[in-house]
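Undergrad: Starting off with a structure, shown below.
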Amino acid sequence: DAGVTQSPTHLIKTRGQQVTLRCSPKSGHDTVSWYQQALGQGPQFIFQYYEEEERQRGNFPDRFSGHQFPNYSSELNVNALLLGDSALYLCASSLTSGQLYGYTFGSGTRLTVV
Amino acid sequence: AQRVTQPEKLLSVFKGAPVELKCNYSYSGSPELFWYVQYSRQRLQLLLRHISRESIKGFTADLNKGETSFHLKKPFAQEEDSAMYYCALSSYTGNQFYFGTGTSLTVIP
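Chains as they are written, first to last, in this note's numbering: chain G, 31 to 144; chain Y, 6 to 114.
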């Protein structure tokens with residue numbers, strides 16, 4: 031089991047562009063959550079997807095959107111990129127709620143906006 | 006508001022010495038708390054969960070609701086314990102985790 035896989039590992043984009051990040055959850059997991067981790071900070075919750083719907087959303091603008099596919103994989107889209115969007119984006123999967131067993135994290139996608 | 010505070014950004018201890026990584030939280034409800042660890046060049050991984058009251062790699066953590074703390078402890082630090090440690094709190098639904106800013110632990114040989 032490869033665990034949670036994210037692609038790409040690194041990405042450089044220009045301010046104003048759009049970006050799509052991808053995530054495949056751990057086998058058997060049906061819930062995908064996305065986190066943003068700025069340098070020196072802990073991960074910040076963006077949103078969570080379950081049964082192809084956004085189940086909960088953190089304090090992030092509408093420029094951040096996502097999708098979950100029938101095979102449970104997920105995408106994170108960010109429009110109109112700002113310099114402040116530069117961060118490590120983490121995908122985490124879990125079985126339904128993560129409350130009991132916690133998350134399994136991917137290695138992340140390092141996004142740099144120039 | 007939900008918040009997790011890890012007051013120490015950096016912590017250094019000698020090998021064999023006890024170690025305690027502090028975590029305080031604020032949450033309006035009954036929290037579920039976790040410790041995550043990130044070793045150098047590795048992904049973030051679950052170390053232990055309050056709900057299971059387990060001991061992993063010699064680490065334990067006790068939830069103190071009166072002091073709203075969930076400190077991570079180990080009686081004898083090992084060099085392989087050097088890593089970044091994050092305390093996290095789960096929302097009531099379990100749909101959202103709140104992470105602290107992390108403590109970088111260095112165990113000096």
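Glycine included, every Cβ here is placed at the ideal spot set by N, Cα and C.
Remember, predicted model here, so these are calculated numbers, not experimental data.
In whole angstroms, give me the CA-to-CA distance for phenylalanine 99/G and proline 23/Y.
TA: As a first step, residue 99/G is located in the first sequence; it is residue number 69 there, counting from the start. As a first step, residue 23/Y is located in the second sequence; it is residue number 18 there, counting from the start. Whole-angstrom Cα-Cα distance: 47 Å.
Undergrad: Identify whether glutamate 59/Y lies in helix, strand or coil by the three-state DSSP scheme.
TA: As a working mapping, residue 59/Y is identified with position 54 in the second sequence. DSSP places glutamate 59/Y in coil when its eight states are reduced to three.
Undergrad: Taking C-alpha atoms, which residue in Gly132/G, Ser123/G and Ser116/G lies nearest to leucine 41/G?
TA: What you label residue 41/G is simply residue 11 of the first sequence in a count that begins at 1. Nearest of Gly132/G, Ser123/G and Ser116/G to leucine 41/G, Cα basis: Ser116/G.
Undergrad: Which residues does DSSP pair with glutamate 25/Y in a beta bridge?
TA: Counting from one through the second sequence, the residue named residue 25/Y turns up at place 20. In the DSSP output, where bridge partners are listed per residue, glutamate 25/Y has Lys78/Y.
Undergrad: Closer than 9 Å by beta-carbon distance: list the chain G residues that pair up with glycine 105/Y, in chain order.
TA: Taking the second sequence and counting its residues from 1, the one referred to as residue 105/Y is at position 100. Under the 9 Å cutoff, chain G gives Gly72.
Undergrad: Under 7 Å Cβ-Cβ, which residues of chain G neighbour arginine 8/Y?
TA: To locate residue 8/Y, count along the second sequence from 1; it is residue 3. None at all; the shortest Cβ gap to chain G is about 11 Å.
Undergrad: Using a 10 Å radius around the Cβ and a threshold of 16 neighbouring Cβ atoms, would you call serine 31/Y buried or exposed?
TA: Stepping through the second sequence from its first residue, residue 31/Y is reached at position 26. Label assigned to serine 31/Y: exposed.
Undergrad: Using 8 Å as the limit for Cβ to Cβ distance, is glycine 96/G near chain Y?
TA: Mapped onto the first sequence, residue 96/G falls at position 66. It does not; no Cβ of chain Y falls within 8 Å.
Undergrad: Taking all protein chains shown into account, decide if alanine 66/Y is buried (16 or more other Cβ within 10 angstroms of its Cβ) or exposed.
TA: As a first step, residue 66/Y must be located in the second sequence, where it is residue number 61. Buried: at least 16 other Cβ atoms inside 10 Å.
Undergrad: Distance, Cα to Cα, leucine 111/G vs threonine 44/G?
TA: Counted from its first residue, the first sequence places residue 111/G at position 81. Counted from its first residue, the first sequence places residue 44/G at position 14. Roughly 7 Å separates the two Cα atoms.
Undergrad: CA-CA distance, glycine 138/G and proline 114/Y?
TA: One-based indexing of the first sequence puts residue 138/G at position 108. One-based indexing of the second sequence puts residue 114/Y at position 109. Answer to the nearest angstrom: the Cα atoms are 31 Å apart.
Undergrad: For a contact defined as C-beta to C-beta under 7 Å, what are the partners of glycine 58/G on chain Y?
TA: Residue 58/G sits at position 28 when you count from the first residue of the first sequence. The contacting residues do not exist; glycine 58/G stays about 16 Å from chain Y at best.
Undergrad: With distances taken from CA atoms, which of Ser54/G, Tyr131/G, Ser63/G and Gly72/G is nearest asparagine 101/G?
TA: Within the first sequence, numbered from 1, the residue matching residue 101/G stands at position 71. Comparing Cα positions, the closest option is Ser54/G.
Undergrad: Can you give me the C-alpha to C-alpha distance between leucine 51/Y and aspartate 86/Y, rounded to a whole angstrom?
TA: Position 46 of the second sequence, counted from the start, is the residue given in the question as residue 51/Y. Position 81 of the second sequence, counted from the start, is the residue given in the question as residue 86/Y. About 14 Å.
Undergrad: Which stretch, first to last residue, makes up the beta strand (DSSP E) that contains glutamate 84/G?
TA: Taking the first sequence and counting its residues from 1, the one referred to as residue 84/G is at position 54. Per DSSP, glutamate 84/G belongs to the beta strand (DSSP E) from 83-87.
Undergrad: Let me confirm a value: threonine 142/G is counted as buried when at least 16 other C-beta atoms fall within 10 Å, else exposed. Which label applies?
TA: One-based indexing of the first sequence puts residue 142/G at position 112. Under this definition threonine 142/G is an exposed residue.
Undergrad: Can you tell me whether DSSP reads aspartate 92/G as helix, strand or coil?
TA: Here the question's residue 92/G lines up with position 62 in the first sequence. DSSP places aspartate 92/G in coil when its eight states are reduced to three.
Undergrad: If we ignore side chains and look at the alpha-carbon of each, how far apart do glycine 46/G and leucine 118/G end up?
TA: Stepping through the first sequence from its first residue, residue 46/G is reached at position 16. Stepping through the first sequence from its first residue, residue 118/G is reached at position 88. Approximately 18 Å between the Cα atoms of the pair.
Undergrad: If distances are taken between C-alpha atoms only, which option among Val112/Y, Gln7/Y and Tyr103/Y comes closest to phenylalanine 81/Y?
TA: In the second sequence, the residue the question calls residue 81/Y occupies position 76. Among Val112/Y, Gln7/Y and Tyr103/Y, the Cα nearest to that of phenylalanine 81/Y belongs to Val112/Y.
Undergrad: Could you check the C-alpha separation between proline 91/G and valine 34/G for me, to the nearest Å?
TA: For the purposes of this step, residue 91/G is identified with residue 61 of the first sequence, where counting begins at 1. For the purposes of this step, residue 34/G is identified with residue 4 of the first sequence, where counting begins at 1. Each residue's alpha carbon lies about 25 Å from the other.
Undergrad: Can you grab the Cα-Cα spacing for the pair serine 35/Y / proline 12/Y, in whole Å?
TA: By 1-based counting over the second sequence, the position of residue 35/Y is 30. By 1-based counting over the second sequence, the position of residue 12/Y is 7. Cα-Cα distance, rounded: 22 Å.
Undergrad: Identify the contact partners of arginine 54/Y in chain G, using a Cβ-Cβ distance below 7 Å as the criterion.
TA: Numbered from its first residue, the second sequence carries residue 54/Y at position 49. Under the 7 Å cutoff, chain G gives Gly132.
Undergrad: Judging by CA-CA distance, which residue of Asn29/Y, Tyr90/Y and Thr98/Y is the nearest neighbour of glycine 71/Y?
TA: Taking the second sequence and counting its residues from 1, the one referred to as residue 71/Y is at position 66. The candidate whose alpha carbon is nearest that of glycine 71/Y is Asn29/Y.
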